[in-house]
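Q: Residues -20 to -1, 1 to 253 (mature numbering (1 follows the signal peptide of the UniProt record, and there is no 0)) make up the sequence shown, in order.
Cβ atoms here follow ideal geometry from the backbone N, Cα and C, with glycine treated the same way.
Dumping the structure here so I can ask a few things about it.
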Amino acid sequence: MGFSSSFCLLSALLLPCCWTKPLVDRDGTGGVLPSDCGRPLGSRIVGGEETTGQQWPWVVSLNMVWGSHFCGGSFITRRHVVTAAHCVSFFRLLPHFLRVRVGGHGAQVTARVALVSIHPDFGRLAKFDSDLALLTLTEAVVFNAAAAPVCLPTGGATPGRAATALGWGKVSEDSRVFSQSLRQVELQILDEAACARYGSSMTSGMLCAGVSGGGRDSCHGDSGGPLLTQDEDSRWVLAGVVSFGRGCGRPDYPGVYVDLFHFRDWIAEVVKQ
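Right under this line is the structure:
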């Protein structure tokens, strides 16, 4: 099988979508990177049990105007969502066809998109080079238990560090449908050698995450969603964005993610516009 441009979460935990409806801030600009980030109001139940829907309030589902999920994304401000460029490049001139579903797949609250910003180097050195996009919403969302920002990284992701990927993608490579619930999978940041088989498809703005021997991964439908780590203050940080891979959970082919630290300056520049 060739490279996957969208991804699934294998060996994942179900996250029920039962969040409260966020309000819309019609007067706020939402164009400031918040310092209070990465702290959900919900709490996790340790040991493989269900997690509360409010644990990941920055995760959003990207939908076409007629309502079908196709990719994920993450709030970084009240008006900005980070996702993968390959998910939304088609909508650069048609942002009105995009919807950002807040509070999980199946939630009733959606936000409209005013602008799709694609990184200028997308696809330059390789198909998924600089696979990063920023969506600007038409109206700012008021952050609460259902919607909150994730933090941007202040340093590079260290190999060996624990990471969590989230999404509504397929739960196996052979599955034909996306998950109806947000799912999470525990992974590890890997060094460059772990992704050696991707060859020239790997560029400097990418990182790999997975587990030894495969079996846990992101998959089709998870593209654009977050790869999270925690900082020293236990805040959740958007270390990466799901980008591509070969199959799902295959040995020697871990998932490849956009390295957010590499693109932090570009994100800050777009947000200030």
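For alanine 248, I'd like the list of residues in its chain whose CB is within less than 7 Å of its CB, leaving aside the five on either flank, ordered along the chain.
A: Residue numbering aside, residue 248 sits at position 268 when the sequence shown is read from its first letter. Same-chain partners within the cutoff: Leu13.
Q: Counting beta carbon pairs with one atom in the segment 87 to 97 and one in the segment 170 to 181, are three or more of them shorter than 8 Å?
A: no
Q: When DSSP builds the beta bridges, which residues end up paired with glutamine 210?
A: What you label residue 210 is simply residue 230 of the sequence shown in a count that begins at 1. Bridge partners of glutamine 210: Trp216.
Q: Measuring CA to CA, which of Val130, His66, Arg72 and Val250 is closest to alanine 106?
A: Against the sequence shown, residue 106 aligns to sequence position 126. Among Val130, His66, Arg72 and Val250, the Cα nearest to that of alanine 106 belongs to His66.
Q: Do you know whose CA, among Ser15, Val39, Ala113 and Asp16, lies nearest leucine 208's CA?
A: Position 228 of the sequence shown, counted from the start, is the residue given in the question as residue 208. It is Val39 whose Cα lies nearest to the Cα of leucine 208.
Q: So, using beta-carbon positions, are proline 37 and alanine 120 closer together than 7 Å?
A: Locating residue 37 in the sequence shown gives position 57, where the first residue counts as 1. Locating residue 120 in the sequence shown gives position 140, where the first residue counts as 1. In this structure, alanine 120 does not lie closer than 7 Å to proline 37 by Cβ.
Q: Starting from the Cα of serine 181, find the closest Cα among Pro20, Val62 and Ser110 and give me that residue.
A: One-based indexing of the sequence shown puts residue 181 at position 201. Measuring from the Cα of serine 181, the nearest candidate turns out to be Ser110.
Q: In whole angstroms, what separates the C-alpha of glycine 190 from that of arginine 59?
A: Counted from its first residue, the sequence shown places residue 190 at position 210. Counted from its first residue, the sequence shown places residue 59 at position 79. So the alpha carbons of these two residues sit roughly 31 Å apart.
Q: Can you give the Cα-Cα distance for leucine 74 and valine 68, rounded to whole angstroms?
A: Along the sequence shown, one-based indexing puts residue 74 at 94. Along the sequence shown, one-based indexing puts residue 68 at 88. Between leucine 74 and valine 68, the C-alpha separation is close to 10 Å.
Q: By DSSP, does residue 257 sit in helix, in strand, or in coil?
A: Since the displayed the chain opens at -20 and closes at 253, residue 257 lies outside it and no answer follows.
Q: What would DSSP say about phenylalanine 102, mapped onto helix, strand or coil?
A: One-based indexing of the sequence shown puts residue 102 at position 122. In the three-state reduction of the DSSP assignment, phenylalanine 102 falls in the coil class, being assigned neither a helical nor a strand state.
Q: Measuring alpha carbon to alpha carbon, tell me which of Gln164, Tyr233 and Gly18 ends up nearest arginine 177.
A: The residue you call residue 177 lines up with position 197 of the sequence shown. The option with the nearest alpha carbon to arginine 177 is Tyr233.
Q: Please confirm whether valine 165 and serine 54 have their CB atoms less than 7 Å apart.
A: Position 185 of the sequence shown, counting from 1, holds the residue named residue 165. Position 74 of the sequence shown, counting from 1, holds the residue named residue 54. The answer is no: Cβ separation not under 7 Å.
Q: For alanine 143, which residues from the same chain have a beta carbon less than 8 Å from its beta carbon, with the 5 sequence-adjacent residues on both sides left out?
A: Taking the first residue of the sequence shown as position 1, residue 143 is located at position 163. Here the set comprises Ala137, Glu166, Leu167, Gln168, Ile169, Ala189, Leu207, Leu208, Thr209, Ala219 and Gly220.
Q: Look up arginine 244 in the DSSP assignment and say whether it is helix, strand or coil.
A: The residue given as residue 244 occupies position 264 in the sequence shown. Annotated three-state conformation of arginine 244 is helix, per DSSP.
Q: At which residues does the alpha helix (DSSP H) containing alanine 125 begin and terminate?
A: Mapped onto the sequence shown, residue 125 falls at position 145. Per DSSP, alanine 125 belongs to no alpha helix (DSSP H) and is neither H nor E.
Q: Find out if the Cβ-Cβ distance for the pair glycine 205, glycine 52 is shorter than 7 Å.
A: Indexing the sequence shown from 1 puts residue 205 at position 225. Indexing the sequence shown from 1 puts residue 52 at position 72. Result yes, Cβ atoms of glycine 205 and glycine 52 sit closer than 7 Å.
Q: Using only the alpha-carbon positions, how far apart do valine 62 and histidine 49 sit?
A: Stepping through the sequence shown from its first residue, residue 62 is reached at position 82. Stepping through the sequence shown from its first residue, residue 49 is reached at position 69. Straight-line Cα distance between these residues: approximately 16 Å.
Q: Return the first residue and the last residue of the alpha helix (DSSP H) that cysteine 67 is part of.
A: Within the sequence shown, numbered from 1, the residue matching residue 67 stands at position 87. Annotation for cysteine 67: the continuous alpha helix (DSSP H) segment containing it runs 65 to 68.
Q: What are the partner residues of aspartate 239, as DSSP defines its beta bridges?
A: For this step, residue 239 is matched to residue 259 along the sequence shown. Partner(s): Gly220.
Q: Measure the CB-CB distance between phenylalanine 71 and phenylalanine 224 and report whether it falls below 7 Å.
A: One-based indexing of the sequence shown puts residue 71 at position 91. One-based indexing of the sequence shown puts residue 224 at position 244. Not a contact, by the Cβ cut-off of 7 Å.
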